[in-house]
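Residue numbers (this note's numbering): 10 to 486.
Backbone N, C-alpha and C define an ideal beta-carbon position, used for all residues, glycine too.
All figures in this text were calculated on a predicted structure; none of them were measured in a lab.
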C-alpha cells in the first residue's frame, strides 16, 4: 500500500488505463491492435458492448471484432445493486473491473481460437454511493469504458448485445438463416420490446431488469445497433416430446405453456469450449450450470434436446433462493389456505432453495461453513442440491443413449470442488472417475484417464457468446 492508499496492482491498472486513453500521435499506425481503444478508421473492426443485467447485478464486457471469436478488451461486474433482500448479505455495491491487454502479433502466433492474453490487470473497488437500480449501473458501466481508456468515445461502439432471459414462443422458433443456426441475435425494435414485456410474468426476476438495461442503453447509445440474445433461443431445438406439458393442448397453445429452457448463452459457450478442450464436439453431453440459478441440459452433438428449467426459471433442481420443481398439488394446497399468487411467487422465488432449507443463506459458501459446524439443515440443503443434480443428469440417459461428457459451469459449478466431487460420486455407476487433485485445483479436465465420462470445468462466458451472436447478426444487416 502506498501513501496514496493504492496497492501496486491498482497503480498498474491506473497507469495502464492512462496509456490506453492517450490520443494517437501523428504518424502512428492507424490500425488498432486488439487492446486498442483509440480513435481509428472503420477498418479496425467492430466494438461490441455486451450488457448482462441480473436480478441484483450487472455484467458488461467490451469486445473487438474481428477475429470471429472476439477479443475481450474490458470486463466489469457491478454487484449488490439491490441490497437488503433476505438471504443476501447487506453489502455495499462493488464494482470489479478487468482491463485486458493483448497484441496482434500474439494473436497471429496463437494456435488457440481465443487470443493469448499478454497482460490482465484488475481493480476491485467499492462504490462510494450505493447503485440503487440497473439504470444507474448502466451509466456507471458506460462511464468506466472511457475512463479506463478501453474506449475513446461512446460513438466507437458499433453494436450492443443485451441478454434477455425469456423470449417466449415467438422467439423460440428455429432460425431461418444458417449463420444464426446456433444462437440468433434479434435487432431491437419497439415491437420486439413490447413482445418481450409480455413474458415478464414468466421471468419476473429477470426480464424487467433486462428491459431496464436496454432502455437505458438506447438513451446513451442511440447510434449503435442494439440486439437481443434470448436465453431461451438455444433450447428451441428441444423436441415436442421433451417440451410439452401434459395439459389441454388448446390451453397450452393459447398461453404458450411449454418447456423453454434457460441459461442458453451459458450452455452454448460451455459446449463450444468443450469442443476446444477435447478437440471434437462431444456426442452425448450434459451441462450443469450451477450458480444462483441451477439448470441441467442434455446435448446431442452440441444441440439441446432437453433441459431442467421449464416455462419459467423455477423448474429443476433447488437453487439459491428458488425451490426448483415442486408438486403442483402443493401450490394448490397453499392457495386454498389463502396464500396469494404474489406471495406464492415470492415464496418459491425468494425464500426457498438453499436459503429456505438451510435457514442460513443463499450463499453456498456460508451454507458450507454452517454444515461444517454441524448444522444439519445446512447439510441437508447441500445434499438436496447434489442429489437432484445427479438425478437430472441420470434422467437424460434414455434421450442421449449414454453419456460421454459432463460439464460443470456457473459460479458454484466452477468454484465449489466439494459439490462436483459429491455429484460425481453419485454418478460412479456410469463410470465417472474424478481426479481429486485436479478437481481441488479447478483444472479444466478433472476426470481420470480411465474414466468412461470426461468431466470438465468451464468458466461461464455468456458475454463472449452474446458478442459472437451479435457479430454474426451484423453481417446480415
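- Contact check for residue 58 against residue 166 passes: the beta carbons are separated by less than 7 angstroms.
- With contacts defined as CB atoms closer than 7 angstroms, residue 192 and residue 242 qualify as a contacting pair.
- Residue 283 sits away from residue 295, with the two beta carbons spaced by 7 angstroms or more.
- In the pairwise beta carbon analysis, the region 81 to 92 is classified as touching the region 59 to 73: at least three pairs are separated by under 8 angstroms.
- Secondary structure remark: continuous alpha helix (DSSP H) runs of at least 4 residues inside the region 275 to 316: none found.
- DSSP, read as helix, strand or coil, puts residue 237 in strand.
- Counting the other CB atoms within 10 Å of its CB gives residue 419 a total of 16 or more, which places it among the buried residues.
- Excluding sequence positions up to five before and after residue 468, its CB lies within less than 6 angstroms of the CB of 423, all in the same chain and listed in chain order.
- One Cα belongs to residue 361, the other to residue 251, and the distance between them is close to 26 angstroms.
- Only residues of its own chain outside the window of five on either side were considered, and among them 96, 97, 301, 329, 330, 362, 363 and 364 have a CB closer than 8 angstroms to the CB of residue 371, listed in chain order.
- Residue 84 has 70 and 107 as its beta-bridge partners, per DSSP.
- Between the alpha carbons of residue 74 and residue 170 lies a gap of roughly 13 angstroms.
- Under the criterion of beta carbons closer than 8 angstroms, residue 270 and residue 247 qualify as touching, at roughly 6 angstroms.
- Here the alpha carbons of residue 83 and residue 211 stand approximately 32 angstroms from one another.
- Every alpha helix (DSSP H) of 4 residues or more that sits fully in the region 345 to 411 is shown, in chain order, as 350 to 359, 362 to 367, 373 to 381, 385 to 404 and 406 to 409.
- By DSSP's assignment, residue 417 forms a beta bridge with 297 and 466.
- Contact annotation: residue 236 and residue 466 have beta-carbon atoms that are not nearer than 7 angstroms.
- The beta carbon of residue 343 sits closer than 7 angstroms to the beta carbons of 353 from its chain, once the five residues preceding and following it are set aside; these are given in chain order.
- Annotation for residue 62: no alpha helix (DSSP H) segment contains it, though the beta strand (DSSP E) segment containing it runs 55 to 62.
- Going by beta carbons, residue 229 and residue 151 fall inside the 7 angstroms limit.
- If you check the CB distance, residue 369 and residue 398 do not come in under 7 angstroms.
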